[in-house]
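In UniProt numbering, the protein residues as written are 1 to 147.
What follows is the structure, encoded as structure tokens:
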């Protein structure tokens with residue numbers, strides 16, 4: 001499974017992924033309490049962690065290209081159904097001029113996979129084409145059972 005692919009004039013390279021725990025919102029291990037989900041809008045659901053997948057998008061064509069990471073990428077693998085992105089750091093940037101590149105992160109909320117779960121991968125669908133991209137993932141956050 002590659003970590004780089006080109007679809008419809010844009011090359012995507014997956015550099016790395018890291019888990020982001022919301023430990024600052026949990027006091028259960030310090031003798032406090034677990035803050036309810038409704039008090040943390042936007043935080044992952046209980047039992048999940050946020051995975052940030054760092055990408056470089058590069059327009060390798062001679063035309064300006066539109067892109068939308070939230071619509072083009074899905075997280076596959078693990079123990080659940082494919083996950084749509086929670087958010088990204090590309091902001092309002094939706095177009096790359098010829099030869100231009102941009103780095104950003106796409107975030108997914110998911111259960112940290114167990115060792116026997118299928119590995120996590122990124123599905124990229126663009127211009128009627130699809131490719132599965134490998135993800136190199138850092139250590140699971142504390143309190144989660146990862147690989």
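From the three backbone atoms N, C-alpha and C, an ideal C-beta is built for every residue, glycine too.
Tell whether a beta-carbon distance below 7 Å holds between residue 76 and residue 123. yes
Taking DSSP's pairing of strands, which residues face residue 65 in a bridge? 96
Span of the beta strand (DSSP E), counted from its first residue to its last, around residue 58: 49-59
So, helix, strand or coil for residue 147, using DSSP? The predicted position of residue 147 is uncertain, since its pLDDT is 47 and thus under 50; a value taken from the coordinates is nonetheless stated next. It is coil, neither helix nor strand.
Looking at the strands, I want to know which residues DSSP matches up with residue 73. 124
Using 7 Å as the threshold, is the C-beta distance between residue 78 and residue 117 below it? yes
Taking all protein chains shown into account, do 16 or more other C-beta atoms lie within 10 angstroms of the C-beta of residue 128, making it buried, or fewer, making it exposed? exposed
Can you give me the start and stop residues for the beta strand (DSSP E) that residue 109 sits inside? 101-110
Distance between residue 84 and residue 95 (C-alpha atoms, nearest Å): 21 Å
Between the CA atoms of residue 52 and residue 16 - distance to the nearest angstrom: 8 Å
Identity of the residue in 98, 111, 3 and 66 nearest residue 81 by Cα: 111
Our contact map puts residue 106 next to residue 73 with C-beta atoms below 8 Å; I'd like the distance itself, whole angstroms only. 5 Å
Kindly indicate which three-state DSSP category residue 135 falls into: helix, strand or coil? coil
Using 7 Å as the threshold, is the C-beta distance between residue 69 and residue 90 below it? yes
Exposed or buried, which one is residue 139 when buried takes at least 16 other CB atoms within 10 Å? exposed
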